[in-house]
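Chemist:
Protein chains: 2
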Amino acid sequence: MAQNQVFKALADPTRREILRLLGKGEMTAGQLAGRFDMTKPSMSHHFAVLKEADLVSTRREGQQIFYALNATVMQEMAAWLWDLFRDGAKGRKKP
Amino acid sequence: MAQNQVFKALADPTRREILRLLGKGEMTAGQLAGRFDMTKPSMSHHFAVLKEADLVSTRREGQQIFYALNATVMQEMAAWLWDLFRDGAKGRKKP
DNA sequence: CCGATAATTAGACAGCCGTCTAATTAAAGG
DNA sequence: CCTTTAATTAGACGGCTGTCTAATTATCGG
Chain A
306 MAQNQVFKAL
316 ADPTRREILR
326 LLGKGEMTAG
336 QLAGRFDMTK
346 PSMSHHFAVL
356 KEADLVSTRR
366 EGQQIFYALN
376 ATVMQEMAAW
386 LWDLFRDGAK
396 GRKKP
Chain B
306 MAQNQVFKAL
316 ADPTRREILR
326 LLGKGEMTAG
336 QLAGRFDMTK
346 PSMSHHFAVL
356 KEADLVSTRR
366 EGQQIFYALN
376 ATVMQEMAAW
386 LWDLFRDGAK
396 GRKKP
């Protein structure tokens, strides 16, 4: 399942910041890269990881490629958090 | 900030499974270790990472150490997810 | 077709991460 | 005190990860 890729993708602060920026609206690869003190190839690598995890989607427009946040992020994360506490009374539950 | 440590801790599937088990109630280190096909030292390492990220708390009782899920997990993750889509002040940076 | 621009791919490399075995600390109990 | 059990710490090691430079692909405008 993709869950592991999602969490690994979120483990890097640069990628989380990318997602945060995309939360405001889609951006081109170049625009995103301009926000970070890092080479474009390095940014491209992060984009690939995010895309592989299905956290972002892409759209080409001429020479530029627009990245957008994938809405399923919320659902996957929320589901995981929910499952964490779902059947658990944390203290002492009867057998 | 502890945010980075939290996400790094969640990047490993073994640690996520530990958290899931603890969601049902506290367990001793030995009980937890018994659930995984891994040596105790390796498990101890994972416990340390989770504790460092403040995702779990510990309590000693005799020879045994009980681990419990820390409730702030939900809050931190929920806050992050919220911020992702909740467009705060645009140019704002953390001081 | 050419040159310029946007973006990715290829390959290298240091540093981190997860795992193991061996050794160590801590507590209980005869 | 000595032994046993629970758990962690120390140190080593292979593999993964993030970064870079150099090269490559894709697209547009003239």
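Sequence lines, in order, name chains A and B. First residue of the first sequence? That's 306 in our numbering, and the numbers climb one at a time after it. First residue of the second sequence? That's 306 in our numbering, and the numbers climb one at a time after it. Cβ coordinates follow ideal geometry from the N, Cα and C atoms, glycine included.
1. For the stretch 375-387 of chain B against the stretch 375-390 of chain A, are there 3 or more C-beta pairs whose distance is under 8 Å?
2. Cα-Cα, which of B:Ala314, B:Thr333, B:Ile323 and B:Gln310 is closest to methionine 367 of chain B?
3. Distance, Cα to Cα, histidine 351 of chain B vs alanine 316 of chain B?
4. For the stretch 321-337 of chain A, enumerate the residues whose C-beta is nearer than 8 Å to any C-beta of chain B, in chain order.
5. Could you check how far apart the C-beta atoms of glutamate 381 of chain A and glutamine 310 of chain A are, in whole angstroms? I think they sit under 8 Å.
6. Do you know how far the Cα of leucine 386 of chain A is from the Cα of alanine 307 of chain A?
7. With a threshold of 8 Å between beta-carbons, can lysine 313 of chain B be considered close to chain A, or not?
8. Can you pull the chain A neighbours of methionine 379 of chain B, defined as C-beta to C-beta under 8 Å?
9. Among the residues of its own chain, which have a CB less than 6 Å from the CB of phenylalanine 371 of chain B, if the five just before and after it don't count?
10. Hey, leucine 355 of chain A and arginine 320 of chain A are a contact pair by Cβ (cut 8 Å); roughly how many whole angstroms apart?
11. What's the C-alpha gap between proline 318 of chain A and methionine 343 of chain B?
12. In angstroms, rounded to a whole number, what distance separates the CA positions of arginine 340 of chain A and proline 346 of chain A?
13. Can you confirm whether asparagine 375 of chain A, when its beta carbon is compared against all beta carbons of chain B, has any partner nearer than 8 Å?
14. From glutamate 349 of chain B to isoleucine 323 of chain B, what distance separates their C-alpha atoms?
15. Pull up the DSSP beta-bridge partners for phenylalanine 371 of chain B, would you.
16. May I have the straight-line CA-CA distance separating alanine 383 of chain A from glycine 328 of chain A, to the nearest angstrom?
17. Given a threshold of 16 other Cβ atoms within 10 Å of its Cβ, counted over all protein chains shown, does alanine 338 of chain A qualify as buried or as exposed?
18. Consider the Cβ of methionine 343 of chain A: report whether some Cβ of chain B lies at a distance smaller than 8 Å.
19. Given a threshold of 16 other Cβ atoms within 10 Å of its Cβ, counted over all protein chains shown, does alanine 353 of chain A qualify as buried or as exposed?
Modeler: The relevant details are as follows:
1. yes
2. Taking the second sequence and counting its residues from 1, the one referred to as residue 367 of chain B is at position 62. Methionine is not the amino acid found at residue 367 of chain B; the sequence shown has glycine there. The shortest C-alpha separation from glycine 367 of chain B is found at B:Thr333.
3. Reading the second sequence from its first residue, position 46 is the one you call residue 351 of chain B. Reading the second sequence from its first residue, position 11 is the one you call residue 316 of chain B. Roughly 11 Å separates the two Cα atoms.
4. Within the stretch 321-337 of chain A, the residues whose Cβ lies closer than 8 Å to some Cβ of chain B are Arg321, Leu324, Arg325, Gly328 and Lys329, listed in chain order.
5. For the purposes of this step, residue 381 of chain A is taken as residue 76 along the first sequence, with counting starting at 1. For the purposes of this step, residue 310 of chain A is taken as residue 5 along the first sequence, with counting starting at 1. The beta-carbon separation of glutamate 381 of chain A and glutamine 310 of chain A, rounded to 11 Å, does not stay under the 8 Å limit for a contact.
6. Your numbering for residue 307 of chain A matches position 2 in the first sequence. Your numbering for residue 386 of chain A matches position 81 in the first sequence. Each residue's alpha carbon lies about 16 Å from the other.
7. As a working mapping, residue 313 of chain B is identified with position 8 in the second sequence. With 8 Å as the cut-off, lysine 313 of chain B counts as an interface residue toward chain A.
8. As a working note, residue 379 of chain B is residue 74 in the second sequence. Per Cβ cutoff of 8 Å: Leu386, Leu389 and Phe390.
9. Within the second sequence, residue 371 of chain B is the residue found at index 66, counting from 1. So the list reads Glu331, Thr333 and Arg364, once near-sequence residues are dropped.
10. Counting from one through the first sequence, the residue named residue 355 of chain A turns up at place 50. Counting from one through the first sequence, the residue named residue 320 of chain A turns up at place 15. The Cβ separation is near 6 Å, so the contact holds.
11. What you label residue 318 of chain A is simply residue 13 of the first sequence in a count that begins at 1. What you label residue 343 of chain B is simply residue 38 of the second sequence in a count that begins at 1. Cα to Cα, the separation comes out at about 29 Å.
12. Here residue 340 of chain A refers to the residue found at position 35 of the first sequence. Here residue 346 of chain A refers to the residue found at position 41 of the first sequence. Straight-line Cα distance between these residues: approximately 14 Å.
13. Residue 375 of chain A sits at position 70 when you count from the first residue of the first sequence. Closer than 8 Å: no.
14. Locating residue 349 of chain B in the second sequence gives position 44, where the first residue counts as 1. Locating residue 323 of chain B in the second sequence gives position 18, where the first residue counts as 1. Checking the sequence shown, residue 349 of chain B turns out to be serine, not glutamate. Rounded to whole angstroms, serine 349 of chain B to isoleucine 323 of chain B spans 11 Å at the Cα level.
15. By one-based count along the second sequence, residue 371 of chain B stands at place 66. B:Thr333 and B:Arg364.
16. On the first sequence, residue 383 of chain A is found 78 positions in, with the first residue counted as 1. On the first sequence, residue 328 of chain A is found 23 positions in, with the first residue counted as 1. In a straight line, the C-alpha of alanine 383 of chain A is about 17 Å away from that of glycine 328 of chain A.
17. Sequence index remark: in the first sequence, residue 338 of chain A carries index 33 (1-based). The residue is buried, with at least 16 neighbouring Cβ atoms inside 10 Å.
18. Looking up residue 343 of chain A in the first sequence gives position 38. No, because no Cβ of chain B sits closer than 8 Å to the Cβ of methionine 343 of chain A.
19. Locating residue 353 of chain A in the first sequence gives position 48, counting from the first residue. Label assigned to alanine 353 of chain A: exposed.
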